[in-house]
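Per this note's numbering, the sequence shown starts with residue 308, numbered consecutively.
Even for Gly, the Cβ is constructed at its ideal location relative to N, Cα and C.
Note that the structure is predicted; figures quoted are calculated from it, not measured.
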Amino acid sequence: MSSIVVIDYGSQYTRLITRRLRELQVFSVIVPHTADLAAIREHAPQGVILSGGPQSVTDAGAPGLPAGLLEAGLPVLAICYGMQLVARELGGRVHPSPVREYGKATLSRYGGTLFDGVEGEFVAWMSHGDSVAEPPPGFVVVAATDDTPVAAMEDARRGIYALQFHPEVRHTSKGMALLERFVAATGVRRDWTPENIVETMTREVRQRVGDERVLLGISGGVDSSTLGLLLHRALGERLVAVFVDHGLLRLGEAEEVERALRELGVDLRVVDASERFLSALEGIEDPEAKRKIIGREFIEVFAAEARAAQAAGGAIRFLAQGTLYPDVVESAGGFGAANIKSHHNVGGLPDDLDFELIEPFRTLFKDEVREIAESLGLPRHLRDRHPFPGPGLAIRVIGAVTPERLDVLRRVDDIFVSSLREFGLYDDTWQALAVLTPIRSVGVMGDGRTYAHTVALRAVSSVDGMTADWTRLPHEFLATVSNRIVNSVPEVNRVVYDVTSKPPGTIEWE
308 MSSIVVIDYG SQYTRLITRR LRELQVFSVI VPHTADLAAI REHAPQGVIL
358 SGGPQSVTDA GAPGLPAGLL EAGLPVLAIC YGMQLVAREL GGRVHPSPVR
408 EYGKATLSRY GGTLFDGVEG EFVAWMSHGD SVAEPPPGFV VVAATDDTPV
458 AAMEDARRGI YALQFHPEVR HTSKGMALLE RFVAATGVRR DWTPENIVET
508 MTREVRQRVG DERVLLGISG GVDSSTLGLL LHRALGERLV AVFVDHGLLR
558 LGEAEEVERA LRELGVDLRV VDASERFLSA LEGIEDPEAK RKIIGREFIE
608 VFAAEARAAQ AAGGAIRFLA QGTLYPDVVE SAGGFGAANI KSHHNVGGLP
658 DDLDFELIEP FRTLFKDEVR EIAESLGLPR HLRDRHPFPG PGLAIRVIGA
708 VTPERLDVLR RVDDIFVSSL REFGLYDDTW QALAVLTPIR SVGVMGDGRT
758 YAHTVALRAV SSVDGMTADW TRLPHEFLAT VSNRIVNSVP EVNRVVYDVT
808 SKPPGTIEWE
């Protein structure tokens, strides 16, 4: 599959460049600045983008360009640090800017290939301390701001285009038009669509798996559920899908997931291990201890099911996991190597279960998985649901986990989430949750005194969960939800709303 390769120089926006290209239906991958031209060519590139970065090209040891890249005949778009690299490499001059630009800046003039068809005021997002003082021979200055005379330059004959600002961020409101013009200049195929992705992945799974069987652990989340549907399409009965219900899911969630996948043809093996997990968690209050116990018990239950499946139907060669592209990038220090995080995956299986790993989604972002889920028929309320932690409600019950406390939290959580959907606020929130605190307080209900639980509600806005801001839910909504909770859940008489961002807090409480 042809692509546009993004070379990562450490910019906080590198992944965003890739996302924007995929929004334009172009397959894009990230490679480290240490990649050589041969490694870049392995991705069948029809164009290359050089990202921004935190360093100065004038620093000793600053990252450089892959040898021969600018002579390889590939169209190149150089952004910020990348622009300065191109200028220095080809004989231009880079110097510290007399006035550093951070934030929005208005182009005083613009033109050239990438700006063709763009009209009106152009606001660009700048983030640089150095700038190009003199373009290399053959380059034409095509944009400027009051403080940056060379805000963009190009050598159209060689297919090299450079921008001092960031077209990939939303603050550059017309940035997508520039990226689209670059895509057109590369001639790359714009066929990165959910339908083509499903077709390609189905074909690749069949080619690799052959007549063998594949084991998949389904958590109920969108990644594993969607992967189950894809593998079912590719393999049919040779998919062994196991759903371990640890008794820590939300209200009705286990039944909901099972029903949805069965209706779509997946032969799901459901294991009700709730008593086992609750017994193992009895009396445990430390959150890290809870996580370790849940992880240990899950591995043991899953391993037992794997052995049973092999005893009943023969050897299973492959284990499928829903690893996503951000997991691949993060686990490799930002450069897409094969070291995989195991946070949401089945790691630590016994030695007798020696599987080959298959990860069809390792090139996908979360929102792309949701698009595939839609094309495969996963119901909307499952494919668009908020992230949910692997240890489930155990880490939203502060203190000891008991069936009674889980029951209280499930009812509260259901009222909160259902109300968000009812008021049209669910899709505007990245993650929403309820927490059962260890606090009990005095209240008055009717003519009687109560001494009952305090629950905390939390809703955050985020892009990837790395940072998050608390969501400004309308006061009228919070008042309605609070009334519903205390009126419907008699064990609760006080509701509080968490207004802490991440950092300094975390999204979950434990």
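N- and C-terminal bounds of the alpha helix (DSSP H) containing residue i
i	result
R576	Looking at the DSSP string, R576 is not in any alpha helix (DSSP H); the run it does join, the beta strand (DSSP E), is L575 to D579.
I356	Careful: I356 lies outside any alpha helix (DSSP H), inside the beta strand (DSSP E) at P352 to L357.
E461	No alpha helix (DSSP H) holds E461; the beta strand (DSSP E) holding it covers A459 to D462.
R687	R687 to R690
A450	No alpha helix (DSSP H) contains A450, which is instead part of the beta strand (DSSP E) from V447 to A451.
D721	P710 to E729
R395	Y388 to E396
A379	Counting along the chain, A379 falls outside any alpha helix (DSSP H), and DSSP gives it neither H nor E.
Exposure of residue i, with buried meaning 16 or more beta-carbon neighbours within 10 Å
i	result
I356	buried
D552	buried
H650	Below a pLDDT of 50, predicted positions are generally treated as unreliable, and H650, at 35, falls in that range; no measurement from the model is reported.
Q837	Outside the shown range of the chain, which is 308 to 817, sits residue 837, and nothing can be said about it.
D518	exposed
E461	buried
H350	buried
S795	exposed
P698	buried
S335	buried
I746	exposed
R692	buried
R703	buried
G620	exposed
D437	buried
G554	buried
P667	buried
H435	buried
T778	buried
N- and C-terminal bounds of the beta strand (DSSP E) containing residue i
i	result
Q362	Q362 -> no beta strand (DSSP E), and no H or E assigned at all.
D437	V430 to E441
L664	E663 to I665
I504	From DSSP, I504 is part of no beta strand (DSSP E) but of the alpha helix (DSSP H) over P501 to V516.
F625	F625 to A627
S335	S335 to P339
D530	No beta strand (DSSP E) holds D530; the alpha helix (DSSP H) holding it covers V529 to L542.
I314	S310 to D315
Beta-bridge pairing of residue i - partner residues as DSSP gives them
i	result
G524	V549
M752	G755
I606	Note: I606 sits in no beta bridge, so no partner.
K809	A775
G410	M433
H402	S438
H693	Bridge partners of H693: none, in fact.
Y468	L384 and E461
Residues of its chain near residue i, where Cβ-Cβ distance is below 7 Å and the 5 sequence neighbours each way are ignored
i	result
E565	F550, L575 and V577
A587	I600 and E604
M390	V439, A469, L470 and Q471
D453	S415
F695	G528
G640	Reliability fails at G640, whose pLDDT of 45 lies under 50, so the model's placement of it is uncertain and the value that follows must be treated cautiously. Correct list: empty, nothing qualifies.
I705	V742, L743, T744, P745, W816 and E817
E396	L372 and L377
Cβ neighbours of residue i in the same chain (closer than 6 Å, five flanking residues each side left out)
i	result
R322	none
A644	Low per-residue confidence applies at A644: pLDDT is 31, beneath 50, and the placement is therefore not dependable enough to give any value.
R669	T630 and V635
F642	With a pLDDT of 34 at F642, under the threshold of 50, the modelled position of this residue cannot be trusted, and the question is left open.
A459	V449, A450 and L470
P686	A567
R497	Q332 and V333
L556	G699
Q319	none
S309	A351, Q353, V495 and R496
Any non-hydrogen atom of the ligand ZN within 8 Å of residue i CB
i	result
S532	With respect to small molecules bound, the structure shown includes none, and the ligand ZN cannot be examined in it.
Own chain partners of residue i with C-beta closer than 8 Å, once the 5 adjacent residues on each side are dropped
i	result
E663	R624, F625 and L626
G354	I311, V312, L381, P382, V383, L384, F489, V490, A492, T493 and V495
V799	V715, V719, A759, H760, T761, V762, I792 and V793
F609	G524, V549, V551, V653 and L656
R464	G445
D734	D691
With a threshold of 8 Å, are at least 3 pairs of Cβ atoms found where one atom belongs to the region 405 to 425 and the other to the region 339 to 347? Between the region 405 to 425 and the region 339 to 347, the count of Cβ pairs shorter than 8 Å is below three; the stretches do not touch.
_Under 8 Å, with one C-beta from each stretch per pair, do the region 496 to 512 and the region 530 to 540 reach the 3-pair mark?_
Yes, they touch.
Notebook entry, point to check: Using 8 Å as the threshold, is the region 482 to 490 in touch with the region 589 to 604, meaning 3 or more CB pairs across them?
Noted result: Because the criterion of three Cβ pairs below 8 Å is not met, the region 482 to 490 and the region 589 to 604 do not touch.
Pair every Cβ in the region 678 to 687 with every Cβ in the region 703 to 719, then say whether three or more of these pairs are closer than 8 Å.
No, because fewer than three Cβ pairs between the region 678 to 687 and the region 703 to 719 fall closer than 8 Å, the two stretches do not touch.
- So does the region 321 to 333 actually touch the region 362 to 371, counting three or more Cβ pairs closer than 8 Å? As far as the Cβ criterion goes, the region 321 to 333 does not touch the region 362 to 371, which means the pair count is below three.
Query raised in the report: How do the region 775 to 789 and the region 724 to 735 stand: do at least 3 beta-carbon pairs fall below 8 Å, yes or no?
Result: Touching, per the Cβ criterion.
* Can at least three beta-carbon pairs, one atom from the region 374 to 381 and one from the region 420 to 430, be found at a separation below 8 Å? -> No, the region 374 to 381 is not in contact with the region 420 to 430.
With a cut-off of 8 Å, do at least 3 Cβ pairs link the region 802 to 810 to the region 754 to 767? A contact exists between the region 802 to 810 and the region 754 to 767.
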